[in-house]
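Numbering (full-length UniProt numbering), first residue to last: 1 to 175.
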C-alpha cells in the first residue's frame, strides 16, 4: 500500500496550500455546484477525481467516513444532516484516511474475505494486532466485547469502533 501517495491525495492539513487544494477538490467532487456532497458524489470523486481505486473498493470505509463527517457542522440547512457540506469536507478527508487504514487492518484479520471476523480469525491474528500496538491478555473475552451485537462475528463497524478506542495503528503506513 502506497500510504504517502494516498495521504497526499487527501489534503486534510490546515496549511494555505492544503486549504486551496481542498477548495479545488470539493469543486471537482460537487458536479452540480450545490455546495453539498451526497454519498454517491463522494464515491464517484474517490474513483474519478482522486483516482484511488484501492479506497474506492473499500465501501465500508467510505460509508463510515461519510457518516462520521456529515452533519458535524450544525447548519441551518435542511439538507445538511444528510450531506457533506463544504465546511465538513476537511473532516471527510481525515476520516477517509483513518477508516481506510482501519479497513486494511480489518481485511488482514478477515482471512476468509467474507467481511466478517470470526473468533478463530481473531485468535489467529493476535501477532498482527500486537504489531499494531495492542497486546491482548484475554483474546476470547476481547472478541466478545468487540462483537457488540452479539452475533458471533465482528463486522467492520464493530472492529473500527474498537480499534479507534484502542488506538491501533498500522506499522507500515505514514502517520
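Heads up, the beta-carbon is just placed ideally off N, CA and C, and yes, glycines get one too.
Owing to the predicted nature of the structure, the values given are computational and were not obtained by experimental measurement.
Helix, strand or coil at residue i [DSSP, three-state]
i, result
"residue 145", "helix"
"residue 42", "helix"
"residue 84", "strand"
"residue 37", "strand"
Assumed close pair residue i, residue j - CB separation to whole angstroms, cut-off 8 Å
i, j, result
"residue 154", "residue 147", "5 Å"
"residue 121", "residue 112", "7 Å"
7 Å Cβ shell around residue i - same chain, five flanking residues per side excluded
i, result
"residue 89", "22, 26"
"residue 82", "70"
"residue 123", "139"
Limits of the alpha helix (DSSP H) - the one that residue i falls within
i, result
"residue 23", "16-29"
"residue 70", "Note, residue 70: premise wrong, no alpha helix (DSSP H); not H, not E."
"residue 94", "89-109"
"residue 4", "3-8"
"residue 160", "156-165"
"residue 131", "126-131"
"residue 190", "The first residue shown for the chain is 1 and the last is 175, placing residue 190 beyond what the model contains."
Residues of its chain near residue i, where Cβ-Cβ distance is below 6 Å and the 5 sequence neighbours each way are ignored
i, result
"residue 12", "90, 93, 94"
Same chain, Cβ closer than 8 Å to residue i, five either side skipped, listed in chain order
i, result
"residue 33", "27"
**Study point:** Cβ contact check for the stretch 61-71 and the stretch 18-29: 3 or more pairs under 8 Å
**Key:** no
Point to revise | Inter-stretch contact at 8 Å, needing at least 3 Cβ pairs: the stretch 47-65 / the stretch 88-108 | key: yes
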